[in-house]
Structure formats: C-alpha cells, structure tokens
Amino acid sequence: MTTLAQKSPRVKKKKSSTAQTLPLLLIALPGMVYLLINNYLPMFGVFLAFKDYSYVKGIFGSKWNGLDNFEFLFKTKDAWTMTRNTLLYNAAFIILGTIFAIFVAILIHELGKKRRVKLFQASLMLPNLLSWVVVGFIVYAFLNADNGFINNTICKAFGLEPVSWYSNKGPWPYILVFVYLWKFVGTNSIIYVAGIAGIDQEIFEAAQLDGASKVKQIIHITVPMLKPTIITLTLMAIGRIFYSDFGLFYQVPANSGRLFDVTQTIDTYVYRGLMERNDVGMAAAAALYQSVVGFLLVVVANGLVRKIDKENALF
Amino acid sequence: MEKIEKIKVHNDVKSFRRFSTIALTVLTVITLLPIILIVIASFTDEKVLLADGYNYFPRKLSLDSYYYMVRQGSMILRSYGVTLLVTVAGTLGSILLTTTLAYPMSRKDFKWNNTLSFLVFFTMLFNGGVVSSYIMWSSIFGIKDTLLALILPNYLVTAFNVFLVRNYYANSIPMALIESAKIDGAKELTIFTRIMLPLAVPVLATVALFTGLTYWNDWTNGLYYITNPELYGIQNLLIRIMNNIQFLKSGSNTALLGAQTVDLPGTSVRMAMAVIGILPILIIFPFVQKYFVKGVVLGAVKG
C-alpha cells in the first residue's frame, strides 16, 4: 500500500491553503476548547490568592487583600512542615524508587521472555492499578488498632505491645515510603526493562567471553548504559518535586489529624484549606506557591536534561 | 583450562538466573500478600474477624458478606452503575477529544500544528492549581452534584495522551497516505474519520486503558464536587464507609457503637466491597497488559 502511494506522482506541498487549514482547525477545536476551559481558565484564577475570598461575594465581589494570604501562610508552621514533607518524601521516592525499579528490571531481563516473567510483571504492576481508596483499605486491614493484622498477629507472635498506628507518627515516614514502593516499583521498572533490552547484547556476550561475572556485567555494563535514562527520569522527577501524590498522603494515613506533622504535603494542605477549613485565600496562596515554584523547577530541570541529552528534553 | 573457565561462566549465568527467579518470586509474594489479605477478610466470618483480627488463615470462612451485598445491594449497585457510566462516558469522550486534537497536530503541512502543540504542552508546565479549578467548575459552570462533575474536570484531555497519539500519527502513518486520499478527492473530515481514526486503534487501545483506569479509580472529583450520596461512585462510597469506621472509633462510646453498627455493614462486608471494586480490573488486566506496558514505555520516552 505504501509503495503504491509512493509511486503516485508527488503532489506539490502547498503550505496550507485555507481550504485545508480551516477543516483541520475545526477538527482540533473541541479538544482545544476543553483545554482552554479545564487548564487555561484556572490559570487566570490565580488572582484568588490575592483576595479575601468569600463564597457569598463570589470571584469578582471579594475584596483584594494584597499579599496578606501569603504573609499569613508563611507565618504558620504549616508552610514549613508541608514544604519539608513534600521535598523529603519526593527525595526518598526518587532515590529508592529508582534503585528498586532498576533492580527489578535487571531480574526481569535476566529471565528473558518466559511465560512466568509476564506473570511476575503483571503481579508487580497490580498495585499501581488499584485506587488509593482501596490501598487505604488494605493499609487499614494491616494497621487498625483493634483487629489489624500487625497488632493481632505480628505483634502477638513477637510478644510486642500493640501499637496505635493511626495516632503514632513515628513509623509513618517508613510506612509511606513502603507503600509508595509497593505501588510504583513494578510499573516504573517497565521503563528500565525497555532500556536494558535496548542495550546491544553483543556487549554482554563479549564480556562473558572475557570471563566477567554477572554481577560485574551489571555494575560495568547495564547500569552505565542506563545512565541517560536514569538521569532523564530523575531530572523530570525533580521537576515535579513540589507536587505530591494526594491519594498517598490523604487516603493512606486515613486523614488522621495526629499524623499531619509527617503526612501533610502541599497538596493535602491545599485540599484541607479549601474543603475543610474553608480558607480559600490561604489555599489559593499555597496552590500558587506550588504552581510557581513547580514551574521554575520544571524549566530548570529541563534545561539540565537538554545539556546532558538533547533528545530526551521536553522542550 | 579453557573448559573450566567456560563451565565457570556457565555456572555463573545459571546461578544468577536462579537468583533472579527466587528474588522475583519473593517480590511478587510481598506485592500480592496485602491484596490477598483483604480478599480473605471478605470471605471471613464476621465474628471470627472481630475476635481474631484480619488473618490469612481464619478459623471460619463465610460467604455472608457477599450474600449481604446481594440482599442490601441497592446502594452498592447504584454506585457501581455510576462508576461504570462515568468510566464509559469519560473514556469515549476522552478518545474523541484526544484524537481530534492530536491528528491536526501531527500534520506537518498544517499551519497551526506547532501552535497547538505548544498550547497542549504548556499545560504540563504550569497549572492554575486546584483552588481556582474548583471555584471555576463549581461557581461558573455549576457542576456540583451532577454526573458531569465526575466526568469533566481534569481527565478528559491530558497532554500525555495527546502526545502519545500525535507521535503515533507522526511516526507510523505515512503522509503519502493522506496525499493519495486527497488526490481521490476526499475531504479532511472524511480522511480523518475514514482513514486516520481506524488506523489509530492500537494507540487508542492504550489511551482507552489509561483513561478508563483513571475514571474507574478516581475519587478526587467525587470528593470535591459530590455531596449527594446518590451520585457516589464505588470509590466515594468506599471512602464514606471508611470515614464511618473512623467516626465510630473516635467516639469511644460502646453503647453508641452498638446502636450504630446496625446501619453499618460489617468489617468483612466493607472488605468485600473493596474487592468488588477491584474485580473488574483483575479480570480485564491480563488481556490488556501489553497495551499498558506499551503506553508506559512510549510515555516515558517522550512525555
């Protein structure tokens, strides 16, 4: 079919006559209108951060109050807590997530295309397909104080005192990191599986002939060859380091107030300000703070990707 | 001497392969055990569950929670219907809007292709945040407590999906195909609906999968925009049940607890509801795994 088309006389490419521009523009219109409403219109709504918003007075009726919202926000302990939590959790997710994803990818690649590999992979991806609500239920089945699996079975077996998990913030950083890894490592490893499959297999064969052990091959061939992928993905993750997964920090700790010190992130703060405390101005200020810093980070991160590997830069 | 070396290498390969199998088996078990716990809990006798706690080997199994759901199921059935409707409508709408936007962007002879691409791309860099988005959807468009609130905000068109489809068109479908159709006198809209849309089926399967999963699992739109329990999807119903547990636990008055548990499904029923919430995913996923993998790989290469 392609060959036939190629043989046909070349049509002169006129750079878009109106006869073709207009229909194509119309085809693109519905999707574009949606983006203008859903994504662009709220961008102009950021001025809410500079207003003393009240639902009664509405968007335009509410009084301007300059930088008051920001002043209040950064005077509270919350601003520091949520920024620290968002950054530190993301740092842990990036570092541990990458290490585990590569580890799993190496194991999967090693087993080749056997049928059970598909089964392993499907199982490891499964948590990523569950909603955070269901994950919250699962965590609750393990941690709830009265009949949770940990208190009733594990603690009993080791003769430990039962723990009131949802009001004891100490273990939560570990719990959240574990849940993150459990949910995402399987899916994230897919990218590295593709990366390893893309490495010229002759390099491994040559190394094997030279007597390099498997572990040596991994350290000296696999990981170095994955470096561009690792750097790109890490920089893109750094570009999003000001954003957190709302579900992880809201559903998994069951919205427990005693844990806020270690579970509050910018996203949960914005939600609570907007929907629970009805403090729209402060929530809008926090959201704008996130959007602006997030934007700067993405631009800087992308600039770095461009320097290292132009192919993989977003822009 | 050389032979020994070869055997050594061979052993190394073999033992590493064995290590991989064992390690992956262990990881798979760790991954699946938490999910298995709630499945077993849903089949555990309620009294045993309350006495012994969640357990992988309960003393007594029972189908009571599933019977209960069948008998008392109008609310569950309703929420299931809402989720199903929202998922289908959202996925179809998303496919339509995504392809129609992506196709012109892929045409190199289209004057506006770069402008459109930039407009789509910019949504990945900057956003107005949930506050203005929420105020806009609820105050200007007034979608609170309607089914539209579960479909319209956030997910219908995402830059990720648009670029997935645009790149597919740009890389896998020859321009000559469009040109020859034009010579035959086909109009742009006809070319799109008759040729380009059917050709995109493989990538649309991936988009449909991602979008369908998003809508099925979404609870944030419900959390923001729905207060009427009749419009709860399955996820928001689950949240409400979980909140009721928390509420009862926090008011440590046992007498009150006894009085209130009548209205509340038992612990195992709650877990059974979570299980039926993930059941469709468990059934469908094995058949669509390859599209999922493809989407993840394509998306990572070029967002």
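Sequence order for the protein chains is A and B. Residue numbers for the first sequence follow my numbering, beginning at 164 and rising by one. Residue numbers for the second sequence follow my numbering, beginning at 988 and rising by one. Ideal placement from N, C-alpha and C gives every residue a C-beta, glycine not left out.
Between the alpha carbons of A/GLY221 and A/GLY208 lies a distance of about 12 Å.
The residue from A/ALA446, A/ILE381, A/VAL433, A/TYR203 with its alpha-carbon nearest to that of B/LEU1112 is A/TYR203. CA-to-CA, the gap between A/PRO387 and A/VAL348 works out to about 20 Å. Counting of Cβ neighbours within 10 angstroms places B/THR1078 among the buried residues, the total reaching 16 or more. The beta carbon of B/GLY1068 sits no closer than 8 Å to any beta carbon of chain A. Under the Cβ criterion of 8 Å, B/THR1018 is counted among the residues facing chain A.
When secondary structure is reduced to three states using DSSP, B/TRP1099 falls in the coil class, being assigned neither helix nor strand.
The three-state reading of DSSP puts A/ASP472 in coil, since its state is none of H, G, I, E or B.
A/TRP243 carries a helical assignment under DSSP once its states are collapsed to helix, strand and coil. Counting every other CB atom within 10 Å of its CB across the protein chains shown gives B/LEU1048 a total below 16, marking it as exposed. For the stretch 1031 to 1054 of chain B, the set of positions with a beta-carbon nearer than 7 Å to some beta-carbon of chain A reads LEU1036, LEU1037, ASP1039, GLY1040, TYR1041, ASN1042 in chain order. Rounded to whole angstroms, A/PRO325 and A/ILE313 show a C-alpha spacing of 8 Å. For A/LEU236, the enclosing alpha helix (DSSP H) has its first and last residue at 231 to 238. In the three-state reduction of the DSSP assignment, A/ASP215 falls in the strand class. Using a Cβ-Cβ cut-off of 8 Å, A/ASN331 does not count as an interface residue toward chain B, since no Cβ of chain B sits closer than that to its own. B/LEU1084 is positioned such that its CB atom lies closer than 8 Å to that of A/GLY194.
In the three-state reduction of the DSSP assignment, B/LEU1050 falls in the coil class, being assigned neither a helical nor a strand state.
No Cβ of chain A is located within less than 8 Å of the beta carbon of B/ASN1158.
Fewer than three beta-carbon pairs drawn from the stretch 271 to 280 of chain A and the stretch 295 to 313 of chain A are found closer than 8 Å, and the two stretches are therefore not classed as touching.
A/LEU411: member of the alpha helix (DSSP H) spanning 409 to 413, first to last residue. The alpha-carbon of A/TYR252 is positioned some 14 Å away from that of A/VAL415. Put simply, the CB of B/ASP1132 is far from chain A, with every gap to its CB atoms at 8 Å or more.
Around the beta carbon of B/GLY1282, 16 or more other beta carbons lie within 10 angstroms, which makes this residue buried.
Residue burial annotation: B/GLU1175 is buried, with at least 16 other C-beta atoms found within 10 angstroms of its C-beta. Here A/ALA212 has ASN232, PHE233, GLY444, ALA447, ALA448, ALA450, LEU451 as same chain residues with Cβ atoms under 8 Å from its own Cβ, once five neighbours each way along the sequence are excluded. Beyond the five residues adjoining it in sequence on each side, B/ILE1130 comes within less than 7 Å, by CB distance, of TRP1124, ALA1136, LEU1139, TYR1212 in the same chain, given in chain order. Neighbourhood of A/LEU437 in chain B, by CB distance below 8 Å: VAL1117, VAL1118, TYR1121, in chain order. For the stretch 1070 to 1084 of chain B, the residues whose beta carbon sits under 8 Å from a beta carbon of chain A are, in order, LEU1083, LEU1084.
When the beta-carbon positions are compared, B/VAL1190 and B/LEU1151 come within less than 8 Å of each other.
Closest by C-alpha distance to A/GLY402, out of A/LEU250, A/ASN418, A/THR350, A/LYS379, is A/LEU250.
Comparing C-alpha distances from B/SER1093 to each of B/ALA1157, B/VAL1057, B/THR1087 shows the shortest one belongs to B/ALA1157.
For A/TRP227, the three-state secondary structure derived from DSSP is strand. Taking a C-beta cut-off of 8 Å against chain A, the contacting residues of the stretch 1205 to 1222 of chain B are ASP1205, TRP1206, THR1207, LEU1210, TYR1211, GLN1222, listed in chain order.
Going by beta carbons, A/PHE405 and A/GLN371 fall outside the 8 Å limit.
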